[in-house]
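Visitor: In the UniProt record's numbering, the protein residues as written are 1 to 717.
We treat Cβ as the ideally placed atom computed from N, Cα and C, and that holds for glycine.
#1: If residue 248 and residue 610 are in contact, beta carbons under 8 Å, what's the gap, nearest whole angstrom?
#2: Enumerated in chain order, which unbroken segments of the beta strand (DSSP E) with a length of 3 residues or greater are wholly contained in the segment 540-613?
#3: Express the C-alpha separation of residue 274 and residue 633 in angstroms, rounding to a whole number.
#4: For a test of the three-state rule: what should DSSP assign to residue 627, helix, strand or coil?
#5: Name the two residues that bound the continuous alpha helix (DSSP H) containing residue 703.
#6: Rounded to a whole number of angstroms, what is the C-alpha to C-alpha distance between residue 616 and residue 63?
#7: Could you tell me the alpha carbon to alpha carbon distance between residue 95 and residue 601, rounded to whole angstroms?
#8: Since residue 435 is in the alpha helix (DSSP H), which residue starts that stretch and which ends it?
#9: Taking only the alpha-carbon atoms, compute the straight-line gap between residue 255 and residue 59 and give it to the nearest angstrom.
#10: Helix or strand or just coil, what does DSSP make of residue 131?
#11: How would you write the range of the beta strand (DSSP E) that residue 716 sits in, first residue to last?
#12: Counting along the chain, where does the alpha helix (DSSP H) carrying residue 416 start and finish?
#13: In or out: residue 541 buried (at least 16 other Cβ within 10 Å) or exposed?
#14: Since residue 643 is in the alpha helix (DSSP H), which residue starts that stretch and which ends it?
#15: Alpha carbon to alpha carbon, how far is residue 430 from residue 685?
#16: What residue range does the beta strand (DSSP E) around residue 143 cover?
#17: Where does residue 394 sit, in a helix, a strand or coil, going by DSSP?
#18: Considering only C-alpha positions, which residue in the set 517, 289, 205 is nearest to residue 492?
#19: With DSSP as the reference, label residue 26 as helix, strand or coil.
#20: Is there contact between the segment 565-578 and the segment 525-533, where contact requires at least three CB pairs shorter than 8 Å?
#21: Report all residues from its chain with a CB closer than 8 Å to the CB of residue 243; omit the five preceding and five following residues, and keep chain order.
#22: Please return the same chain residues whose Cβ sits closer than 8 Å to the Cβ of residue 631, not counting the five positions on each side in sequence.
#23: When the distance is taken between beta carbons, is residue 456 closer than 9 Å to residue 511?
#24: Keeping to the same chain, check which residues put their C-beta closer than 7 Å to that of residue 179; ignore five residues upstream and five downstream.
#25: Can you list, in chain order, the residues of its chain whose CB lies under 7 Å from that of residue 357, leaving out five sequence neighbours each side?
#26: The alpha helix (DSSP H) with residue 375 in it runs from where to where?
#27: Given a threshold of 16 other Cβ atoms within 10 Å of its Cβ, counted over all protein chains shown, does residue 355 qualify as buried or as exposed?
#28: Which residues in the same chain have their Cβ closer than 8 Å to the Cβ of residue 573, if we skip the five residues on either side of it in sequence?
#29: Under the DSSP definition of a beta bridge, which residues are partnered with residue 193?
#30: Do residue 169 and residue 215 have their C-beta atoms within less than 9 Å of each other?
#31: Tell whether a beta-carbon distance below 9 Å holds between residue 386 and residue 427.
#32: So the beta strand (DSSP E) residue 318 belongs to, where does it begin and stop?
#33: With distance defined between alpha-carbon atoms, name the residue in 578, 79, 114 nearest to residue 37.
Right, here's the structure in full:
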């Protein structure tokens, strides 16, 4: 599209809206775990989830649900005079089984409630505003005022100062300052312009100054904000592969225990008839035994762990477009990280002047400062400052210099200044070398050696040359140093302990890349990276059976993002990058990739830890219920009553109560997650077995005994 003259807009029916307070959704994400505004709806949802269709989605808890109904029916039968056990005992078991189901529902509802609270704050950014659609084929009527919900993919829209951007799209004309705080929580405005990697705009953000023309890239209901809200609410949450595999394992274990428990009744009837002593085991006791032995703890918390993982990702200002992506982040074993802004600070600073043979450092600094006076880049300003600090060379009177400044271009790869009596150039070594030799000068070997030395140190060399008359000569080399971020080497060491390989991606030459890679402590590097090279690197690692994560923001990153297992697109990047990725970082911080991997690992660690605990804590319930249910038939089983519980009824009830309450006590851990530790798989397994395996084995014994003592103390045993 060529130059646009902004058309007049008549009566744009668009009242100004209040922009959501910056960071609103971040604060909601950090809301207290048991905030009454979340807990009260979660309690209501716990009862709403008691429908058979909802319970059937969790086969383990469905068994508890059926057991609750069965014991409730048995209680009514007992009231009618058909008692297989005391009606009070049956009622107590039935109530605690219902509590078990409700507590599991509450854990899931609480996790979903936190996500819904986050989604509610996101909805503040979703406005049905009026859009100024440009009807390009009708120049007499260039602007049509219409609702944003009527826009379709491909429509062209004008957005002016104060307007809310009506839909997702790409800027095709103009440049504007945009307030994205409604999406990112960051109050500082950002620049959006046509072309390049900063052309994407998001519906619900506001233009603060100037104007842009954008092309809508999505249809209603498909916008980035719509997908964010749907994912955060969990409306489209699907079980991840690991979650499905664990569910299959839990269902198989439940079926085995169900069949085993079902066979105990005929055995008990036969034994009592044969021995003519004892009592047949009651169905209430068998239901209690089944519920206590199947993995109800992890079964009740499994869904909550998955929802909480998505919620923690949102708290980090990252939107995952699928639970699979969050889980894959935990399994990642190769990280592709950009050098600039991720591993290094990204602001290269002049650190040294290295003069050529026969030239002084002062001469080099003086010429370098002259060539950099109009250079507004951080590198250019740092050269001016370094010359001033080293040799007190002050900035000159620009009017008296009669200078013509040349900006840097991708073609020449040099910048500089033309003065009345001579000209100065600074830039890449090979570009300056061509300039010198073209103008009859010689490029000294000593200068090339200095360039190589600077590159080996991980710095960037800039060569300075001047031309007087018909001959050019090299003045020396400026060393620009890109500082490696503090603590990044230690973080890479932690990732290495966990078996994660780190690969630095940079456009620098091999010497510079190797030096920075060594300083930062990464395992490998990809120098002179192109989109094709990134894609080939990812495919090579995936061919070895590894999962790869990477970040990107440009259209040229889209192929690699689409190929990566965990692809984090920057919110400041292009629409193509966002569509190709399976996560979007609202903060546009490339370092966030490491945090994303840690959150994924934490979710897997939490699931594994609670599974270990759930299976281990069943052992104590064997020692409580089996002697209580069968000791009258098989007196030898009394030896298993190591807790010396008050009575058979108290033993069964104590185990059922513990089974219900343990879910409540583990809800905070399921929602918050097990504390992340940078350990290898073997170390994590040992730690899990020690803390959650041994802990799950030992912990229930004293608590079941304590519950039994309380029941006995109140005369309920």
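Guide: With the structure as the only source:
#1: That pair is no contact at about 17 Å.
#2: 548-552, 566-570, 583-585
#3: 10 Å
#4: helix
#5: 700-713
#6: 20 Å
#7: 37 Å
#8: 429-438
#9: 10 Å
#10: strand
#11: Counting along the chain, residue 716 falls outside any beta strand (DSSP E), and DSSP gives it neither H nor E.
#12: First-last for residue 416: 414-418, but that is the beta strand (DSSP E), not the alpha helix (DSSP H).
#13: buried
#14: No alpha helix (DSSP H) contains residue 643, which DSSP labels as neither H nor E.
#15: 54 Å
#16: 143-147
#17: coil
#18: 517
#19: Here residue 26 scores only 38 on pLDDT, less than 50, and its place in the model should not be relied on; the value that follows carries that caveat. Residue state, collapsed to three classes: helix.
#20: no
#21: 302, 306, 323, 327, 607
#22: 637, 638, 641, 648
#23: yes
#24: 19, 189, 205, 206, 208
#25: 444, 446
#26: No alpha helix (DSSP H) contains residue 375, which DSSP labels as neither H nor E.
#27: buried
#28: 197, 198, 200, 552, 553, 554, 557, 588
#29: 175
#30: yes
#31: no
#32: 318-320
#33: 114
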